[in-house]
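To keep things clear, I will list the structure first and then write my remarks on it.
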Amino acid sequence: MTNKDRILSVMTTAEICDDCLSDLSGVHPRQTIYQVCSQLSESSLILRYKGICKRCRKNKIVSQVPDNARSNVETAVSKKPMQIEPDGTNAWYWEGNVKGKVVSYLVQKGYTIRSVANTTSREQGKDIVALEPDGNELWISVKGYPEKSQHVQARHWFSQVIFDLILYRGTSSTAKLALALPEGFTTYANLSPRVEWLKQTMPFEIFWVSENGSVRVE
Numbered sequence: 053m054t055n056k057d058r059i060l061s062v063m064t065t066a067e068i069c070d071d072c073l074s075d076l077s078g079v080h081p082r083q084t085i086y087q088v089c090s091q092l093s094e095s096s097l098i099l100r101y102k103g104i105c106k107r108c109r110k111n112k113i114v115s116q117v118p119d120n121a122r123s124n125v126e127t128a129v130s131k132k133p134m135q136i137e138p139d140g141t142n143a144w145y146w147e148g149n150v151k152g153k154v155v156s157y158l159v160q161k162g163y164t165i166r167s168v169a170n171t172t173s174r175e176q177g178k179d180i181v182a183l184e185p186d187g188n189e190l191w192i193s194v195k196g197y198p199e200k201s202q203h204v205q206a207r208h209w210f211s212q213v214i215f216d217l218i219l220y221r222g223t224s225s226t227a228k229l230a231l232a233l234p235e236g237f238t239t240y241a242n243l244s245p246r247v248e249w250l251k252q253t254m255p256f257e258i259f260w261v262s263e264n265g266s267v268r269v270e
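FYI, in the working numbering the residues of the sequence shown are 53 to 270.
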């Protein structure tokens, strides 16, 4: 997957700055974002101008996919099979990629993104903190799918996100809670119904991210 593909895969019709694009796409340094986005702008695939970034809320140069160009952008993203690197970060189900898709989805729905933890550096804290259009905070714990010892590790990761939500509720009684997982894996599909009782006691949502990048909320 090329840098251009990575950048386009997380871009939406919402305005976003180069720094935030770098965080979401995993493309570094930021200068690479500038170069690629400048080329995309010259090709009329995206708009680029001074504005307010929808993620960090700062006044910067932002990029945006026009509504009428979304199909062209999807065509521009390479369809070739993705080569999995040893660390698994190119896989669509890697935690950082799942997180990026959820953030893009939230921005499209009018949420304000307050913070996103850096997956690569294993930054501590809540994975995603977003402000809903009605003003309520949403706290999301995110996991990908493991490359090794998949069944056992996936069960462990699922337990981790559930425990995260319990800790979140202990911190705040008002924040809305959610977890985000890649869709299409049997372990997660089998485990999620088993915590339905907890959803009744401590309401939370599940953001399911599919291989094609779409997000389904349960």
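Just so you know, even glycine gets a beta-carbon here, dropped at the ideal spot from N, CA and C.
Computed from a prediction, not measured in an experiment: that's the story for all the values here.
Secondary structure of Leu-250 (DSSP, three-state): helix. Taking C-beta atoms under 8 Å as the contact rule, Leu-229 and Tyr-240 fail to qualify, at a distance of about 17 Å. A Cβ-Cβ separation of about 5 Å places Ser-193 in contact with Asp-179 under the 8 Å criterion. Within its own chain, the residues whose Cβ lies closer than 6 Å to the Cβ of Gly-265, once the five positions on either side in sequence are excluded, are Lys-153, listed in chain order.
Cβ neighbours of Ala-206 within its own chain (closer than 7 Å, five residues either side excluded): Tyr-197, Pro-198, Phe-237, Thr-239 and Tyr-240. Going by beta carbons, Trp-191 and Val-181 fall inside the 8 Å limit.
Glu-67 and Gln-116 have their C-alpha atoms roughly 5 Å apart. Secondary structure of Arg-82 (DSSP, three-state): helix.
Per DSSP, Tyr-197 lies in no alpha helix (DSSP H) segment and is marked neither H nor E. Contact annotation, Ala-232 with Phe-259: C-beta distance approximately 4 Å; criterion of less than 8 Å satisfied.
The bridge partners DSSP lists for Cys-69 are Val-114. Assignment of Glu-147 by DSSP, reduced to helix, strand and coil, places it in the helix class.
8 Å or more divides the Cβ of Val-150 from the Cβ of Asp-75. If you draw a 10 Å sphere on the C-beta of Leu-250, you find fewer than 16 other C-beta atoms in it, and that means exposed.
The DSSP-derived three-state label of Tyr-101 is strand.
Around the Cβ of Pro-234, a 10 Å sphere holds 16 or more other Cβ atoms; the residue is buried. Judged by DSSP secondary structure, Arg-58 falls within the alpha helix (DSSP H) whose first and last residues are 55-62.
Across the structure, Ser-201 and Asp-71 are spaced so that their CA atoms are roughly 35 Å apart. Residue burial annotation: Ser-95 is exposed, with fewer than 16 other C-beta atoms found within 10 angstroms of its C-beta. The residues Phe-210, in chain order, have a CB closer than 6 Å to that of Leu-243 in the same chain once the five nearest residues on each side in sequence are set aside. With respect to Glu-257, Glu-270 sits close: the two C-beta atoms are nearer than 8 Å. Its chain contains Cys-69, Asp-71, Cys-72 and Ile-165 as the residues whose beta carbon lies nearer than 8 Å to that of Cys-108, once the 5 sequence neighbours on both sides are disregarded; these appear in chain order. For a cut-off of 8 Å, the C-beta gap from Ile-98 to Met-63 is around 7 Å, short enough to register as a contact.
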